[in-house]
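Top to bottom, those sequences are chains A and B.
Throughout the first sequence, residue numbering follows my numbering, covering 470 to 929 in sequence.
Throughout the second sequence, residue numbering follows my numbering, covering 470 to 929 in sequence.
For glycine and all other residues, C-beta sits at the position ideal for the given N, C-alpha and C.
There are 2 protein chains.
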Amino acid sequence: MATRFIFLSFCLLFSSTLTISNAKIFPTFPSSRITPEKLSSLISNSKDSQGLYKTKYHTQILDHFNYNPQSYQTFQQRYLINDTHWGGSKNNAPIFVYTGNEGDIEWFAQNTGFMYDVAPKFKALLVFIEHRYYGKSIPYGGNKEIAYKNASTTGYLSSTQALADYASLIIDLKKNLTATDSPVVVFGGSYGGMLAAWFRLKYPHVAIGALASSAPILNFDNIVSPYSFSNIITQDFRSVSENCYKVIKGSWKQIEETAKKPGGLEKLQKAFRISIDDPKTGNDVFAKLYGAASVYYNYSGTAKCFDLNGDSDPHGLSEWGWQACTEMIMLTGGDNKDSIFEESEEDYDARARYCKEAYGVDPRPNWITTEFGGHKIGLVLKRFASNIIFFNGLRDPWSGGGVLKNISKTVLALVEKEGAHHVDLRFSTKEDPQWLKDVRRREVEIVGKWISQYFQDLAQ
Amino acid sequence: MATRFIFLSFCLLFSSTLTISNAKIFPTFPSSRITPEKLSSLISNSKDSQGLYKTKYHTQILDHFNYNPQSYQTFQQRYLINDTHWGGSKNNAPIFVYTGNEGDIEWFAQNTGFMYDVAPKFKALLVFIEHRYYGKSIPYGGNKEIAYKNASTTGYLSSTQALADYASLIIDLKKNLTATDSPVVVFGGSYGGMLAAWFRLKYPHVAIGALASSAPILNFDNIVSPYSFSNIITQDFRSVSENCYKVIKGSWKQIEETAKKPGGLEKLQKAFRISIDDPKTGNDVFAKLYGAASVYYNYSGTAKCFDLNGDSDPHGLSEWGWQACTEMIMLTGGDNKDSIFEESEEDYDARARYCKEAYGVDPRPNWITTEFGGHKIGLVLKRFASNIIFFNGLRDPWSGGGVLKNISKTVLALVEKEGAHHVDLRFSTKEDPQWLKDVRRREVEIVGKWISQYFQDLAQ
Chain A
470 MATRFIFLSF
480 CLLFSSTLTI
490 SNAKIFPTFP
500 SSRITPEKLS
510 SLISNSKDSQ
520 GLYKTKYHTQ
530 ILDHFNYNPQ
540 SYQTFQQRYL
550 INDTHWGGSK
560 NNAPIFVYTG
570 NEGDIEWFAQ
580 NTGFMYDVAP
590 KFKALLVFIE
600 HRYYGKSIPY
610 GGNKEIAYKN
620 ASTTGYLSST
630 QALADYASLI
640 IDLKKNLTAT
650 DSPVVVFGGS
660 YGGMLAAWFR
670 LKYPHVAIGA
680 LASSAPILNF
690 DNIVSPYSFS
700 NIITQDFRSV
710 SENCYKVIKG
720 SWKQIEETAK
730 KPGGLEKLQK
740 AFRISIDDPK
750 TGNDVFAKLY
760 GAASVYYNYS
770 GTAKCFDLNG
780 DSDPHGLSEW
790 GWQACTEMIM
800 LTGGDNKDSI
810 FEESEEDYDA
820 RARYCKEAYG
830 VDPRPNWITT
840 EFGGHKIGLV
850 LKRFASNIIF
860 FNGLRDPWSG
870 GGVLKNISKT
880 VLALVEKEGA
890 HHVDLRFSTK
900 EDPQWLKDVR
910 RREVEIVGKW
920 ISQYFQDLAQ
Chain B
470 MATRFIFLSF
480 CLLFSSTLTI
490 SNAKIFPTFP
500 SSRITPEKLS
510 SLISNSKDSQ
520 GLYKTKYHTQ
530 ILDHFNYNPQ
540 SYQTFQQRYL
550 INDTHWGGSK
560 NNAPIFVYTG
570 NEGDIEWFAQ
580 NTGFMYDVAP
590 KFKALLVFIE
600 HRYYGKSIPY
610 GGNKEIAYKN
620 ASTTGYLSST
630 QALADYASLI
640 IDLKKNLTAT
650 DSPVVVFGGS
660 YGGMLAAWFR
670 LKYPHVAIGA
680 LASSAPILNF
690 DNIVSPYSFS
700 NIITQDFRSV
710 SENCYKVIKG
720 SWKQIEETAK
730 KPGGLEKLQK
740 AFRISIDDPK
750 TGNDVFAKLY
760 GAASVYYNYS
770 GTAKCFDLNG
780 DSDPHGLSEW
790 GWQACTEMIM
800 LTGGDNKDSI
810 FEESEEDYDA
820 RARYCKEAYG
830 VDPRPNWITT
840 EFGGHKIGLV
850 LKRFASNIIF
860 FNGLRDPWSG
870 GGVLKNISKT
880 VLALVEKEGA
890 HHVDLRFSTK
900 EDPQWLKDVR
910 RREVEIVGKW
920 ISQYFQDLAQ
C-alpha cells in the first residue's frame, strides 16, 4: 500500500500515472497532470495567451444518442477561436480544429503551437474545442457540484458524446460563418489525438483529415501487451544510463522498507517535495530518483506535484478517473522482471473493484474496440478510411499503443526514435532538432495534399 | 382534416405513409405496414418459416453511449440464425447479417430470400438481427407497456443505439463461434438498408461491406427535394396510364366534399373497406382508386388495411412514429401542382407540434446528417469508405432519397428503371425479369470480390 503511494508520487514525475490514491490503475496522459484550477491560474499569468484566441460558447445538447427528457438538457461548451490568418469563407479557406482532451482547453491551445505556426501558410481559422465535463464546459449550468455528484450526472461524460459534440459544434460554426465548403482538418495529441483519429473515422463528412499525435488507440482490449508501457520507460532509462536504471530499480525495496517504518511515509513525502523544490540539494537515493525523472521528462516546465490523494474536485471524482473507470480501459500496468519498476501483473479486477467503489460504475472494457475498432487495424483501414497521420515518438511510453506502420497511402505513421509525447504539436523553437523539423515539414506537406485534393474534388 | 384521413387510408395502399391520425407527417416504409402482432400470427401460419432459422437471444445493453445507472440495464435482443450452408469458423467462412429494421425480424428473414439464395455459393452463415424496441426485442424485460409508456422509457429507441447493438452482438457472436476472422457482410432494405450502409461507415472493423437496398439516406435535411417522393409516385401512375392519373388527381375534391357532408366520413371509410374486400365489386371513383393502388403495388400479398387511427399499441405510441418524431425526419410531404395528390407544402412545423403533443419530444431534424452525413456524399465518400452497394429501383418513391450514382470504384450505385422497393432482396422466382436477375448477379459478383480481397489481405 505504502509503496503504491510512493510509486504513484514518483510516477507522476514521469507523467504516466494518475494519482488516484490506493491503486496503480489509472494511467493518464501528461496533459492532464495539472488540474483545471491550477491551469487557470497559470494561464491568467501567462503572457503567451494574450492574443492567442477569443473565447466563445456553443449551446450543446447533453445526450446526442437518446431522446428521453434528460437527454434534451443543454450546456455551454467553450471553444477558442483565432481568425488572424483565416482566408475567409468566400475562399473556402480551411478550418483547423483541435479536438480537446481531458483538461482546460486553454492549456491545449497554448501548447499546440504547431497549429499557430502553420496557420499563415494555410490561411487557416483555428478552433480549439473543450471536451465536455472539463474546464468551463460543464453540464448542469456549469455547476461542477452537480456534474460530478454521482454516476447519474457524470454519466454523460464519454468519448462518443464528445465526438458528437465536436461534429455538432463544427457544423453549426460553419453554418454561422457561411463556410460550409471550408475543409476542416482535426488535430489532437494524446487522448485528444485519439479523438482526432476517431473523429476522422466516424465523421468523414465533417473533417477531411486528422493529425493524431501520440494517440495510443491500440492500448485497449489486449491489442498490445500491458507490459509495453513500462518496457518503454525502462528502455528509455537504460538507453541514457544503465547505472541510473539500476539505481531506480534497486530503490523500490528501500522505499518500501522506509514506508513501513513509523513516520516513514511522511518522511518520503517530505523528501520528494524537497527534491522537487531543488533537485540538486538532495544527495540520497530519493534525490537521485527525482533527478533521473527530471532529466528524462523535460516537459512544459509548469509541472507541479499533485497532492498524493490526487483528487481535484470536492467529491473525490476526478474526470479522467471517471473515464478510466468506464470506457478508457487502457491496461498498462504490467511490469516484467527487467522493468525499472517493481515486477507486477496488470490487475484488471482491482481496477473494476475500485471503480465500483469510487464511482459506482462497472467498466466496459470492450466498448472502445467495439465502437472504434483497433484489432487488426491495418487489415481494416487498408480498405477503408483515408487522410490520417499517426505521429509517435518512441521515447513516449504511450507509443506502445500507437499506430507505428503505414496502413495505406493516406493512413500514415510518422515514427521518431527520439520523439516524446506529441512533441510535434508544440510551438517550434530554435532548439528543435532536425528530425522534429522534418516531422513537422512532412505533416505540413501531407495536410497540404489533403486540402489540395479536396479543392480539386470540390471543383468537379 | 377529413381529407387527410382518407388520404392516409389511401396512401397506405401505396405503403408510403404511416397511418398516424391527424397528420400526413410520417412517411414510412412498406416493411412496417404490418403490426408485429399481425406479423406473428402470419408467421406462425407460414410454411416458409419452417427451417429458415433458429431463434436466439443476446443480452444487450440499453445505452451504449452513457454511463449513468439506467444505461446499464439490459434486455434480450432476438436474432435468427441459419447455419445450413456455413463453411465454419475453421475456414473463416463468411457471415451475412441482416440489420433489422422497424418490425418483427421474422418478417424480414422471410422476405430477404436473396440471402438464402446466395448462402450456398458463399458457404455463409445467415444472421438476422432484430431492431431494439421491435418484435420481441423489447427493453424493460420485454414489457411493452413499460417500453412504450413515455419518452423516458422509449428514449433509447434510436438508430445509433441500434447500430451499436449490431456491432456488440456480431462481435460477441463471432467470439462465441471462434470465428473472429470470418468476414461479415451486412444486408438491409429500406430503413434496414440505411442501417446497413451506416453500419459499414461507422463499423468498418465489424463489416467488410454492405448491400444497402432502397436506402433513402439522402431524404434528410433538404438534401433532396421534399417533392421528390410524390413526384415519383405521380410519374409511376402517368407512365402506366395517363387516364388513371387523371381519375385519381380529380378525385380529391370529390372526396373532400363527401367527407364534409353529415355521415360522409363514415361513408368513405365503409366504401374503402368494401373495396378492399373485393376491389372489383365497386364501380365508383373510390373503387377505381383502390384498383389503381392494387395494380401499382403488387406487394407481398399479405398486406391488410390498418384501422384509420393507425395505433398498433395500447398507448398510442407507434415505434416508427417515435423514430419519425425524433431523428428520422424524412420530409417527403411536398406535392406540386402536377402531383397525383393534392397540391401541398411540406409542413415541418406541423410535424414538430404533433410530436410534442403525441410523444412529448422535439424532433432533432439535423441529427441524422450530423451523425451520418449525406450532404455532398459523393465528395465525402469518394476519398473515404469502400465496399457499399446502393441498389435503387426508380419506381420506388423512396429512390428519390437514394444514392443513384457510383461514388468510387467500390461505393457503387445499382439503379433499375423498373425496380420497386428492395425487390433485389426477395427470394428469386421464375417470373423474375432479366434486369432483376442481372442485378442480383452483379451483387453476388461484387460481394464475392469483397470477400476475396479480404482473404487476400488476411493472408498477408
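Under 8 Å between C-beta atoms of residue i and residue j
i	j	result
Ile-717 (chain A)	Pro-866 (chain A)	no
Thr-629 (chain A)	Phe-841 (chain B)	no
Met-584 (chain B)	Phe-656 (chain B)	yes
Asn-537 (chain A)	Tyr-660 (chain A)	no
Phe-698 (chain A)	Ile-837 (chain A)	no
Arg-601 (chain A)	Gln-546 (chain A)	yes
Ser-897 (chain B)	Asp-586 (chain B)	yes
Trp-919 (chain A)	Asn-861 (chain A)	no
Ile-564 (chain A)	Val-653 (chain A)	yes
Asp-804 (chain B)	Tyr-696 (chain B)	yes
Where residue i falls: helix, strand or coil (DSSP)
i	result
Gly-658 (chain A)	strand
Met-799 (chain B)	strand
Ala-681 (chain B)	strand
Lys-525 (chain A)	strand
Val-596 (chain A)	strand
Tyr-567 (chain A)	strand
Val-675 (chain A)	coil
Lys-493 (chain B)	Because Lys-493 (chain B) sits at a pLDDT of 46, beneath the cut-off of 50, its placement in the model cannot be relied upon, and the point is left open.
Asp-872 (chain B)	Checking the sequence shown, residue 872 (chain B) turns out to be Val, not Asp. Reduced to three states, the DSSP call for Val-872 (chain B) is coil.
Ile-686 (chain B)	coil
Val-693 (chain A)	coil
C-alpha distance - residue i paired with residue j, whole-angstrom precision
i	j	result
Asp-893 (chain B)	Val-709 (chain B)	22 Å
Tyr-768 (chain B)	Phe-577 (chain B)	Low local confidence applies: a pLDDT of 34 at Tyr-768 (chain B) is under 50, so the model's placement there is unreliable, and no value is given.
Gln-519 (chain B)	Ala-827 (chain B)	39 Å
Asn-551 (chain A)	Tyr-567 (chain A)	12 Å
Ala-928 (chain B)	Lys-874 (chain A)	18 Å
Phe-597 (chain B)	Gly-610 (chain B)	21 Å
Thr-647 (chain B)	Ile-876 (chain A)	26 Å
Ala-636 (chain B)	Arg-911 (chain A)	36 Å
His-784 (chain A)	Asn-612 (chain B)	Bear in mind that a pLDDT of 35 at His-784 (chain A), under 50, signals an unreliable position, so the model cannot answer this.
Arg-909 (chain A)	Ala-889 (chain A)	14 Å
Asp-532 (chain A)	Met-799 (chain B)	22 Å
Thr-703 (chain A)	Val-884 (chain A)	19 Å
Val-916 (chain B)	Leu-680 (chain B)	8 Å
Leu-850 (chain B)	Arg-864 (chain A)	36 Å
Thr-524 (chain A)	Ser-744 (chain A)	38 Å
Ala-821 (chain B)	Pro-834 (chain B)	10 Å
Ser-720 (chain B)	Pro-685 (chain B)	30 Å
Lys-730 (chain B)	Ile-809 (chain B)	24 Å
Glu-796 (chain B)	Ile-530 (chain A)	14 Å
Where the beta strand (DSSP E) containing residue i begins and where it ends
i	result
Ile-724 (chain B)	First-last for Ile-724 (chain B): 711 to 729, but that is the alpha helix (DSSP H), not the beta strand (DSSP E).
Ala-882 (chain A)	880 to 885
Lys-605 (chain A)	Run containing Lys-605 (chain A): none; DSSP gives neither H nor E here.
Ile-857 (chain B)	857 to 862
N-terminal and C-terminal residue of the alpha helix (DSSP H) that residue i is part of
i	result
Asn-551 (chain B)	Asn-551 (chain B) -> not in any alpha helix (DSSP H); beta strand (DSSP E) instead, spanning 543 to 551.
Lys-825 (chain A)	817 to 828
Gly-582 (chain B)	582 to 591
Asn-645 (chain B)	628 to 645
Phe-577 (chain A)	574 to 579
Gly-917 (chain B)	903 to 928
Ile-615 (chain A)	613 to 616
Phe-841 (chain B)	836 to 841
Leu-850 (chain B)	846 to 851
Distance between beta carbons of residue j and residue i, contact taken as under 8 Å
i	j	result
Tyr-548 (chain A)	His-527 (chain A)	6 Å
Ser-683 (chain B)	Gly-843 (chain B)	Rounded, the Cβ-Cβ distance is 16 Å, inconsistent with contact.
Pro-608 (chain B)	Ala-616 (chain B)	5 Å
Any chain C beta carbon closer than 8 Å to residue i
i	result
Ser-627 (chain B)	Checking the listed chains, one finds no chain C in this structure; the protein chains it contains are A and B.
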